[in-house]
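Below: the structure, in structure tokens.
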Amino acid sequence: MPERKKKNRDCFQERLGRHHDELRWLYMELYNNGDMFGELCDTMQSFYKERSDSLKELDGKREESPDWFRKNDMLGMMLYIDNFAGDLKGVREHIGYLQSCNVSCIHLMPFLDSPKGRSDGGYAVADFRKVRPELGSMADLQKLSRECHRRGISLCMDFVMNHTSEEHEWAKRARNGEGEYMSRYFFFDNYDIPAQYEKTVPQVFPTTAPGNFTWIPEAGHHVMTTFYPYQWDLNYKNPRVFNEMMYNFLFLANQGMDVIRIDAVPYIWKEIGTSCRNLRQVHSIVRMMRMISEVVCPGVILLGEVVMEPEKVAPYFGTVEKPECHMLYNVTTMATIWNSVATRDVRLLKKQMDIVNRLPREYTFLNYLRCHDDIGWGLDYPTLKEWGMEEVPHKKFLNQFFTGRTGGSISRGELYNEDLATGDARFCGTTASMCGIESAGFEQDPEKMKGAIALDIMLHAYILAQSGIPMLYSGDEIGQVNDYTYKEDMEKREDSRYIHRGKFPWKLTENIGDPDTVQGKLFPALSALERLRREEPVFAGDARVWTVETGNCSVLGIGRRMGDELLIALFNFHEMTQEIELSAEEALTGERFQNLLTGEALDLAKPVVLCGHRFLWAKKVYR
Ligand code: GLC
Numbered sequence: 318m319p320e321r322k323k324k325n326r327d328c329f330q331e332r333l334g335r336h337h338d339e340l341r342w343l344y345m346e347l348y349n350n351g352d353m354f355g356e357l358c359d360t361m362q363s364f365y366k367e368r369s370d371s372l373k374e375l376d377g378k379r380e381e382s383p384d385w386f387r388k389n390d391m392l393g394m395m396l397y398i399d400n401f402a403g404d405l406k407g408v409r410e411h412i413g414y415l416q417s418c419n420v421s422c423i424h425l426m427p428f429l430d431s432p433k434g435r436s437d438g439g440y441a442v443a444d445f446r447k448v449r450p451e452l453g454s455m456a457d458l459q460k461l462s463r464e465c466h467r468r469g470i471s472l473c474m475d476f477v478m479n480h481t482s483e484e485h486e487w488a489k490r491a492r493n494g495e496g497e498y499m500s501r502y503f504f505f506d507n508y509d510i511p512a513q514y515e516k517t518v519p520q521v522f523p524t525t526a527p528g529n530f531t532w533i534p535e536a537g538h539h540v541m542t543t544f545y546p547y548q549w550d551l552n553y554k555n556p557r558v559f560n561e562m563m564y565n566f567l568f569l570a571n572q573g574m575d576v577i578r579i580d581a582v583p584y585i586w587k588e589i590g591t592s593c594r595n596l597r598q599v600h601s602i603v604r605m606m607r608m609i610s611e612v613v614c615p616g617v618i619l620l621g622e623v624v625m626e627p628e629k630v631a632p633y634f635g636t637v638e639k640p641e642c643h644m645l646y647n648v649t650t651m652a653t654i655w656n657s658v659a660t661r662d663v664r665l666l667k668k669q670m671d672i673v674n675r676l677p678r679e680y681t682f683l684n685y686l687r688c689h690d691d692i693g694w695g696l697d698y699p700t701l702k703e704w705g706m707e708e709v710p711h712k713k714f715l716n717q718f719f720t721g722r723t724g725g726s727i728s729r730g731e732l733y734n735e736d737l738a739t740g741d742a743r744f745c746g747t748t749a750s751m752c753g754i755e756s757a758g759f760e761q762d763p764e765k766m767k768g769a770i771a772l773d774i775m776l777h778a779y780i781l782a783q784s785g786i787p788m789l790y791s792g793d794e795i796g797q798v799n800d801y802t803y804k805e806d807m808e809k810r811e812d813s814r815y816i817h818r819g820k821f822p823w824k825l826t827e828n829i830g831d832p833d834t835v836q837g838k839l840f841p842a843l844s845a846l847e848r849l850r851r852e853e854p855v856f857a858g859d860a861r862v863w864t865v866e867t868g869n870c871s872v873l874g875i876g877r878r879m880g881d882e883l884l885i886a887l888f889n890f891h892e893m894t895q896e897i898e899l900s901a902e903e904a905l906t907g908e909r910f911q912n913l914l915t916g917e918a919l920d921l922a923k924p925v926v927l928c929g930h931r932f933l934w935a936k937k938v939y940r
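With the sequence shown counted from 1, adding 317 to any position gets you this note's numbering.
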């Protein structure tokens, strides 16, 4: 047997050997089906064989350096292929621009085949092995991946495993009454069982897609549809569904993906009488997925999309010995950041950071200000209540603030899925519009604009200083504002998330070199911060991170220590100037500090004055 072939086989067997017993145990516990488990292992081996040599080489390197994705040179950006560059080829042609944004990981928003008009932004997949034709082909995807890898950039894509589109082949066959395919979904010939589910299962889209079931007249059945009626929930109690979806996952990994975002993962297991979220079996499935990828494609990491309260999020990391996801979204921090902007009060944000900072350092969060989805105000309401803020009125205040309807707010945006019954609503808008860049531009008010840009930069400086990996939203680097044209599109008008999914305004990038423009102020400022984060040792992924007592509830303080390096970062969430006196310990009396951005010497033992919405990154200097 040729040497390489033998090495490859040994490699697979050795990795499988490491995980086999646990994998089998979990599989048998869920499915009790040895034949299907055998099929899974054989098919894993086939995918391993098909995996290209260059990806296998990358796997090997990453196995030797398993922290590769937690380093401070990791900076993500999420983008829609069509909005950004038309198609996959266009993205490849614009990698240079992304590199000028210091980006080292590109999250390509859903691009698999999905029916036009009934796609939920691509999250209703009709074919897991086909790219939407107008965006290109699998060959284009591989080409893009190779080019990215050549430049040290990694690629992330969504794996929408909770449901398929109603146009997926399985769904079509189920609709035709083929039992084998009906059993891959949740079909009911009367409403008795759906009615039982409805008693305990909350609604994801109460306004745009009420209820969790959809009547399919041709099939004479109700089908479970937690999200939109055209997104049919898959039944993971059926081992065929699990196996086939794992094969789809491995197929996509083999196209050269580095990060797989597991979409809506808390929802994948359903039981009557429960909320059908975060059930125990979900964790078994994610753990199996982690082991399957470690056997076939260990260079691939799993990013879990768990938009839940903090105590539900962290369990998706699994344990240090039996890990599940490599990375999770820091969703509560994201919502709490905006809460601090509206209230000018950082206490809740500090509390949230303290929770995150107490978790094992292996747990890596993805930090972000905005993404393609709405902001659901998932805050720590029991604590807010202690401080005199009740959930319903507080959410109302936040929505009023960010839609620009309260005094002092220059934010712009729209409500999302306003639930008239509960008074609940979520919020949509771009970072720039939420910071006031849209309204200041519209009013041509230079003072307002200055403040809006300062806030935008300060918030970025904050997410770059947190522990974890920052993920930027394409367009934020040039202050892209809300796009209201979705209202003219019949297929999008009901879904206000499209307000922050506008076409990338390439024209504005021409202003980056002109300091009199928004782009000329924002882009270089963010760029300087990103470069510092990449180059300064104190930003290392395993640095110790803690919150610093500032004695001022509008100013958040962060400390970072890596070896001898120390950073004290201060962020003023108030539009008015604030003065901070750090405690003797934190000011390290007598030590010299330097403003990392300007090089100016600082004495943190004296009161620090921060103008409205400004920040300071101060690094300890050694004599
Ligand atoms: C995730 C996506 C969201 C989508 C939903 C259903 O939450 O982020 O955009 O609507 O899944 O697939």
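Glycine is no exception: its CB is placed at the ideal position from the N, C-alpha and C atoms.
Computed from a predicted structure; not experimentally measured.
At a cut-off of 7 Å, is V623 close to the ligand GLC when judged by its beta-carbon and the heavy atoms of the ligand?
-> Result no, Cβ not under 7 Å from the ligand GLC.
Which of helix, strand or coil does DSSP assign to R446?
-> Look at R446 here: in three-state DSSP terms it is strand.
Do you know how far the Cα of L883 is from the Cα of Y939?
-> Cα to Cα, Y939 sits roughly 10 Å from L883.
Residues near L919 in its chain [Cβ-Cβ closer than 7 Å; skip 5 each side] = Only F910, Q911, N912 and A935 meet the Cβ criterion.
Is the beta carbon of F544 within less than 7 Å of some heavy atom of the ligand GLC?
-> At least one heavy atom of the ligand GLC is found less than 7 Å from the C-beta of F544.
Is any heavy atom of the ligand GLC found at a distance shorter than 7 Å from the C-beta of D399?
-> Placement of the Cβ of D399 at a distance of 7 Å or more from every heavy atom of the ligand GLC is found.
Who pairs with A536 in a beta bridge, going by DSSP?
-> Answer by DSSP bridge pairing: none, since A536 is not bridged.
Who are the near neighbours of H643 in its chain, counting only those whose CB is closer than 6 Å to its CB and skipping five residues on each side?
-> Scanning its chain for C-beta atoms nearer than 6 Å, with the 5 sequence neighbours on each side dropped, one finds around H643 the residues I618 and L619, in chain order.
Mind checking whether the beta-carbon of Q548 lies closer than 7 Å to any heavy atom of the ligand GLC?
-> Yes - the ligand GLC has a heavy atom lying nearer than 7 Å to the Cβ of Q548.
Reducing DSSP to helix, strand and coil, say where F932 ends up.
-> F932 falls in the strand class under three-state DSSP.
Comparing the CB of A778 with every heavy atom of the ligand PLP, is any distance shorter than 7 Å?
-> The ligand PLP is not part of this structure, which contains only the ligand GLC.
Per the contact definition of three or more C-beta pairs closer than 8 Å, is the stretch 458-470 in contact with the stretch 399-415?
-> The stretch 399-415, when compared against the stretch 458-470, does touch it at the 8 Å Cβ threshold.
Would you report the Cα separation of A901 and E908, rounded to the nearest angstrom?
-> Approximately 11 Å between the Cα atoms of the pair.
Identify which residue in N571, E484, F544 and K378 has its Cα closest to the Cα of P432.
-> Closest by alpha carbon: E484.
Rounded C-alpha distance that separates G830 from Q836 | If you draw a straight line from the Cα of G830 to the Cα of Q836, it is about 8 Å long.
How many Å lie between I885 and L696 at the Cα?
-> Using only the alpha carbons, I get a separation of about 26 Å.
Over what stretch of residues does the beta strand (DSSP E) that includes F559 continue unbroken?
-> Boundaries for F559: no beta strand (DSSP E) harbours it, while the alpha helix (DSSP H) harbouring it runs P556 to A570, taken from the DSSP string.
Runs of beta strand (DSSP E) lying entirely within the stretch 760-836, each at least 3 residues, in chain order | Entirely contained in the stretch 760-836, the beta strand (DSSP E) runs reaching 3 residues are, in chain order, 786-790.
State the start and end residues of the unbroken beta strand (DSSP E) segment that holds F476.
-> Here the beta strand (DSSP E) through F476 covers S471 to F476.
Given L357, which residues of its chain have a CB within under 6 Å of its CB, disregarding the five upstream and five downstream residues?
-> Within the same chain, L357 has close Cβ partners N560.
Report all residues from its chain with a CB closer than 7 Å to the CB of M391; omit the five preceding and five following residues, and keep chain order.
-> A distance below 7 Å between beta-carbons, with the five flanking residues on each side excluded, links M391 to the following residues of its chain, in chain order: S421, C422 and I786.
Does the beta-carbon of M807 have 16 or more other beta-carbons within 10 angstroms, so that it is buried, or is it exposed?
-> By the C-beta density criterion, M807 is exposed, having fewer than 16 other C-beta atoms within 10 angstroms.
At which residues does the alpha helix (DSSP H) containing V673 begin and terminate?
-> Counting along the chain, the alpha helix (DSSP H) containing V673 begins and ends at R664 to R675.
Using 7 Å as the cut-off, classify the Cβ of D430 as near or not near the heavy atoms of the ligand GLC, replying yes or no.
-> Proximity of the beta carbon of D430 to the ligand GLC is not indicated: no heavy atom of the ligand is located closer than 7 Å.
Might you give, ordered along the chain, the residues of its own chain that have their beta carbon closer than 7 Å to the beta carbon of R931, omitting 5 neighbours on each side?
-> Sequence-distant Cβ neighbours of R931 in its own chain, meaning closer than 7 Å and more than five residues away, are A771, M775 and N889.
Run through the stretch 823-906 for me and flag every whole alpha helix (DSSP H) of 4 or more residues, listed as ranges in chain order.
-> Unbroken alpha helix (DSSP H) stretches of 4 residues or longer found wholly inside the stretch 823-906: 823-826, 835-852 and 901-904, given in chain order.
Cβ-heavy atom distance, V648 to the ligand GLC, below 7 Å | Not so, every heavy atom of the ligand GLC lies at least 7 Å from the Cβ.
Is the stretch 525-539 touching the stretch 497-511 in the sense that three or more CB pairs, one from each, lie closer than 8 Å?
-> Yes: the two stretches touch, three or more of their Cβ pairs being nearer than 8 Å.
Below 8 Å between beta carbons: does that hold for L472 and D399?
-> No Cβ-Cβ contact shorter than 8 Å links L472 with D399.
DSSP state of E484 mapped onto helix, strand, coil | DSSP, read as helix, strand or coil, puts E484 in coil.
Taking the DSSP output, what are the residues bridged to A757?
-> Per DSSP, none; premise fails for A757.
Between W863 and the rest of its own chain, which residues show a CB-CB distance below 7 Å, the 5 nearest in sequence each way excluded?
-> So the qualifying residues of the chain are N674 and G876.
Could you say if the stretch 586-598 and the stretch 383-390 meet the contact criterion of at least three C-beta pairs nearer than 8 Å?
-> The stretch 586-598 makes no contact with the stretch 383-390; the number of CB pairs closer than 8 Å stays below 3.
Determine the burial state of T739: buried for a count of at least 16 other Cβ atoms within 10 Å of its Cβ, exposed for fewer.
-> Counting Cβ neighbours within 10 Å, T739 comes out exposed, since fewer than 16 surround it.
Using three-state DSSP, classify Y508 as helix, strand or coil.
-> Here DSSP, grouped into helix, strand and coil, assigns Y508 to coil.
Tell me whether the beta-carbon of G693 lies closer than 8 Å to the beta-carbon of V637.
-> Cβ distance not < 8 Å, so G693 and V637 don't count as in contact.
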